[in-house]
Ligand code: AMP
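Residue numbers (the working numbering): -6 to 311.
In structure tokens:
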């Protein structure tokens, strides 16, 4: 499908000398892939422009890309683009407001249409897929380097669970195939994203052993700070275990609740069918229909989420 906003975005990019690209907090491979993939593409296309990546450190995803040093002065008269971020409170580095113009590029439900140009495509598997599609539709005006292709491919791999999740479409596969024509090793990225440290492997064992599964197929596991310390695992590393409960045949909907140093719980919520992002929204969160996040202040709120999941699971045809 021809996307007219690509041209509008490119026209705006052409007008600015400095372009600062942000993404969401607690970045995942798609956040970094779309942000850094777009940055690399713009650097190759417009070598005379300053293209900067803003946001907190990327932790163990440094093999994808590192962030740039961005000063307050850099934002003066700059164009700011935010990728993969549905709402402004989740944008990493609040200085995104200091730029001259703002563009949102995302694939989450458009709950907060912020910015001067809003490009949201909820049918895309990932924001990286949108950036790659942007390139493919504007090939005469854009250049894609091998490094940009590697980053965008990593973002697609990350958000589709290596083409496993239902968000994977024929368009996703076409775009991935185009990216694979570039000079990088796709299998190396899949392995990097699939490999875990021994301590995370041990935590995986804990999750599989201790997951509570209700008769309707709701899975629940709480990872307290004490437990995380015992395994020596950080909050970021729980990304590796989020999809694990879904590999059990009678688990339909699940939540992994990770206690934070401040005392509240980060809720990592997933589903094989029932739509869960409305539940997430009621608990200070949001996300995709089948992959959402929320925040629960205590065990009571966790149980409210589980109760809501029970209703969804019971209504779901067996
Ligand atoms: P996660 O479990 O952190 O991988 O998040 C799954 C999905 O939900 C991602 O697409 C996130 O962007 C989204 N998400 C996570 N936490 C929140 C939140 N607090 N508010 C809105 N969306 C969220």
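Note that the Cβ used here is the ideal one computed from N, Cα and C, for glycine as well.
Cβ contact annotation for residue 176 (same chain, cutoff 7 Å, sequence separation greater than five): 139, in chain order. The C-beta distance from residue 260 to residue 281 rounds to 14 Å, too long to meet the 8 Å contact threshold. Proximity of the stretch 148 to 155 to the stretch 105 to 122 meets the contact definition, three or more beta-carbon pairs being nearer than 8 Å. Taking 8 Å as the cut-off, the C-beta of residue 222 does not count as close to any heavy atom of the ligand AMP. If only uninterrupted beta strand (DSSP E) runs of at least 3 residues are considered, those enclosed by the stretch 269 to 295 are 284 to 289.
Residue 260 is bridged by DSSP to 250, 287. For residue 190, the number of other beta carbons within 10 angstroms of its own is below 16, and it is reported as exposed.
In this structure, 196 is the residue among 188, 183, 290, 196 with its C-alpha nearest to the C-alpha of residue 225. Residue 12 is bridged by DSSP to 44, 72. Linking residue 188 to residue 105 through their CA atoms gives a straight-line distance of about 35 Å. Beta-carbon to beta-carbon, residue 216 and residue 26 are separated by about 26 Å, too far to satisfy the 8 Å threshold.
For residue 222, the closest C-alpha among the options 211, 253, 311, 28 is that of 253.
Counting the other CB atoms within 10 Å of its CB gives residue 22 a total of 16 or more, which places it among the buried residues. Boundaries of the beta strand (DSSP E) harbouring residue 97: 94 to 99, taken from the DSSP string.
Taking all protein chains shown into account, residue 305 has 16 or more neighbouring C-beta atoms within 10 Å of its C-beta and is therefore buried.
Nearest Cα to residue 152 within the set 210, 289, 129, 117: 117. Listed in chain order, the non-local C-beta contacts of residue 205 below 8 Å within the same chain comprise 212, 213, 214, local neighbours out to five positions each way being set aside. Nearest to residue 255 by C-alpha distance, out of 262, 284, 291, is 291.
With the criterion CB distance below 5 Å from any heavy atom of the ligand AMP, the matching residues run 261, 278, 279, 280, 284, 285, 286 along the chain. Counting other Cβ atoms within 10 Å of its Cβ, residue 40 stays below 16 and is therefore classed as exposed.
Taking a cut-off of 8 Å on C-beta distances, the stretch 69 to 76 touches the stretch 13 to 21, as three or more cross pairs fall below it.
Note that the stretch 87 to 103 touches the stretch 59 to 70; at least 3 beta-carbon pairs, one per stretch, sit closer than 8 Å.
Distances from the alpha-carbon of residue 155 to those of 251, 184, 111 put 184 closest. By the criterion of a C-beta distance shorter than 8 Å, residue 57 is surrounded in its chain by 22, 25, 26, 29, 51, 144, 147, once the five residues flanking it on both sides are discounted.
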